[in-house]
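Chemist: Pasting a structure here, questions to come.
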Ligand SMILES: [Fe+2]
Ligand SMILES: [Fe+2]
C-alpha cells in the first residue's frame, strides 16, 4: 500500500502581521535614506516601495520589483535589466537590506541577538556581496544618539525618590502603622496632601472628612497608603504632557504586576508594584534626550511603530538598556534593576520579577514589543501562573484620582 503525500497547504500569514512588517521596513528604510542624505523624493519612493514590498504576499524578487517599477516609477516594461537606473537599483537594495534587518529583529524572541550583533551579521553578508557595504554602514552608524548621551540625560533625572523604597519596605512590615508612615513622610506636605486627598476621594467616601495621615491609613489600610505615597513620589517625573501617558501606563503595569505577584505568591507584591512603576523608566530617559529625537520618536510611534523597534532604529538600543543606566544611576537594589533591564527579554535572567513585569506589560496591551508565545509560555511556567489568571485580572488598574 502506498501513502500519497499531500502537498502542504499554504501558510496563512495574517494580513495585519504582514502590514506591520512592511511598516517596520518602511520606517527603517526612510531613516536610512535620511542618513544617506537622499532627497525627499527618494525618501518618498523608498517609503512607498517598502509599504508595498510584500504586496500579494510575494517575496521581494525580480518580478515584484518589475511590478513596483511600473506602479511606483511609472515604467511600462516589466524587464528590470533594461529599465532600472543605478539610483533605482540602489533603492531596491536599500529595501532588501532593511527587509532582512527587520526580519532579524522580528526573530529576536527566538534567538539572543542584539542590534550590534545583527549589524555585524549584515557586515559579514556585505563582505560576501549580499548587501552594499555603504548601506550597511549607514544602518550601523546611528548619527545622533549614543548610550553615553543617555547617561548624561539620566544624570539630569531627579534623585531616586528614596521615600518610595522606604514606603514599600514599610508596606511589607506587618507591624507598621500610620505613625510610621507619618515619620517617613516627615515634613513633605505634598506627599501628606496626596494621601489625604485619596482618603477623602469618592473612592472611599468617608462619613467624616479625614484630617490626619493616621486616620487615612486606618481607612485605606497600610499597603494601599504606602502605594499612594510611592506613586506620589514618582509622579513629578512624568509632569510634561508628552510623558503623561507613560505615567498612566506605569501605574497600570504596577497594579497588574502587584495582582500577578499576589496570585503567584513567588514574588513580593509590594516589590512588584514598585517595579511596575519603574519598569519603563528607560523610556522616560529617552524622552529627556534632545528634542529632535523626541519629535522623531513621537512620529514613529504615531505611525504605529512598536516603541522597542522605533528605539532600535533611532538609537541602536532600546528602553531596557537606557533603563539599566537609570537603575545604575539610582543604585537600585539588584532585583529591581534586573527586572527593569529584562522586562522585555526575561529569558536573559533568572529574575521572576522580570517575568511578572513581562506578563503585566503583556496584559496592559501596550504593544511595546512584538508578541512572543515562547516568552509568554516560559514566563507563565516559571512564575507558576496560568493564562486563566491573566484573564481574571481586574480591568480598572488604578483609581482615577491617582
Ligand atoms: Fe511598558
Ligand atoms: Fe517596556
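In the numbering used here, the protein residues as written are 532 to 933. Ideal placement from N, C-alpha and C gives every residue a C-beta, glycine not left out.
Would you kindly work out how many angstroms separate the C-alpha atoms of residue 585 and residue 553, rounded to a whole number?
Modeler: 7 Å
Chemist: If you reduce the DSSP assignment to three classes, tell me which class residue 827 lands in.
Modeler: helix
Chemist: Could you say which of 757, 782, 756, 755 lies nearest to residue 766 if we only look at CA atoms?
Modeler: 782
Chemist: Does the separation of the CB atoms of residue 667 and residue 654 fall below 7 Å?
Modeler: yes
Chemist: Can you grab the Cα-Cα spacing for the pair residue 758 / residue 825, in whole Å?
Modeler: 30 Å
Chemist: Run the CB neighbour count on residue 858, radius 10 Å, all protein chains shown included, and call it buried at 16 or more, exposed below.
Modeler: buried
Chemist: Over what stretch of residues does the alpha helix (DSSP H) that includes residue 629 continue unbroken?
Modeler: 617-637
Chemist: Could you give the first and the last residue of the continuous alpha helix (DSSP H) run that contains residue 569?
Modeler: Looking at the DSSP string, residue 569 is not in any alpha helix (DSSP H), and its letter there is neither H nor E.
Chemist: Taking only three categories from DSSP, how would you classify residue 613?
Modeler: With a pLDDT of 46 at residue 613, under the threshold of 50, the modelled position of this residue cannot be trusted, and the question is left open.
Chemist: Can you tell which of 573, 876, 843, 852 has the C-alpha that lies nearest to the C-alpha of residue 903?
Modeler: 876
Chemist: Is residue 847 near residue 871, with beta carbons less than 7 Å apart?
Modeler: no
Chemist: Where residue 678 and residue 565 are concerned, what is the direct C-alpha to C-alpha distance, given to the nearest angstrom?
Modeler: 21 Å
Chemist: Considering only heavy atoms of ligand 3, list every residue whose Cβ is less than 5 Å from one of them, following chain order.
Modeler: Because ligand 3 does not appear in the structure shown, any question about it cannot be addressed here, the ligands present being ligand 1 and ligand 2.
Chemist: Check whether the region 745-761 touches the region 705-713, counting contact only when three or more Cβ pairs, one atom from each stretch, lie closer than 8 Å.
Modeler: yes
Chemist: Between the region 802-814 and the region 695-704, do at least 3 Cβ pairs fall closer than 8 Å?
Modeler: yes
Chemist: Which residues mark the beginning and the end of the alpha helix (DSSP H) in which residue 908 is found?
Modeler: For residue 908, the uninterrupted alpha helix (DSSP H) segment begins and ends at 904-914.
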